[in-house]
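Chemist: Questions regarding the structure given below will be posed in turn.
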Amino acid sequence: MILVNVGLVPLDNRPCTMIFPAEIGKIANINVHTPPKSLLGNFLEPGCPDSILKWLEENMRKWDAIIL
């Protein structure tokens with residue numbers, strides 16, 4: 002079983018952009034890592050891009066790929 006780690010910066014915290022890709026990744030033995038929900042925006046509020054960038058910088062060496 003090959004297990005891949007991927008970082009994902011979704012558009013916002015809606016299930017269709019944050020949760021569903023992680024669930025689909027599980028089917029393919031891919032661990033999908035997303036920023037904390039509190040850093041992401043939602044339908045009407047923007048996220049915290051500076052904090053998301055910091056999260057990326059702190060974690061990107063742990064992953065095999067990044068999806069932005």
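Numbering-wise (this note's numbering), the sequence shown opens with residue 2 and increments by one. Cβ atoms here follow ideal geometry from the backbone N, Cα and C, with glycine treated the same way. Keep in mind the model is a prediction, meaning the values are calculated, not measured.
1. Which partner residues of V7 appear in the DSSP bridge assignment?
2. Please list, in chain order, all residues of the same chain as P36 whose beta carbon is under 6 Å from its beta carbon, the five residues on each side excluded.
3. Within a Cβ cutoff of 8 Å, which residues of the same chain sit near D65, ignoring the five residues on either side of it in sequence?
4. Let's see if you can read the secondary structure: which residues bound the alpha helix (DSSP H) around F21?
5. Classify L41 as buried or exposed, calling it buried when 16 or more other Cβ atoms lie within 10 Å of its own Cβ.
6. My understanding is that P22 touches L9, with C-beta atoms under 8 Å, so please give their C-beta distance in whole angstroms.
7. With a threshold of 6 Å on Cβ separation, who are the neighbours of G26 within its own chain once the five nearest residues in sequence on each side are excluded?
Modeler: According to the structure shown:
1. Numbered from 1 along the sequence shown, position 6 holds the residue referred to as residue 7. V7 pairs with V33, A66.
2. Position 35 of the sequence shown, counting from 1, holds the residue named residue 36. The residues are I53, W56.
3. Reading the sequence shown from its first residue, position 64 is the one you call residue 65. Cβ within range, chain order: V5, N6, V7.
4. Position 20 of the sequence shown, counted from the first residue, corresponds to residue 21. Going by DSSP, F21 is part of the alpha helix (DSSP H) stretching over 20-28.
5. Counting from one through the sequence shown, the residue named residue 41 turns up at place 40. Burial call: buried.
6. Sequence index remark: in the sequence shown, residue 22 carries index 21 (1-based). Sequence index remark: in the sequence shown, residue 9 carries index 8 (1-based). Contact flag correct, Cβ pair sits at about 6 Å.
7. For the purposes of this step, residue 26 is identified with residue 25 of the sequence shown, where counting begins at 1. If we look at G26 and ignore the five residues flanking it on each side, its Cβ neighbours are V33.
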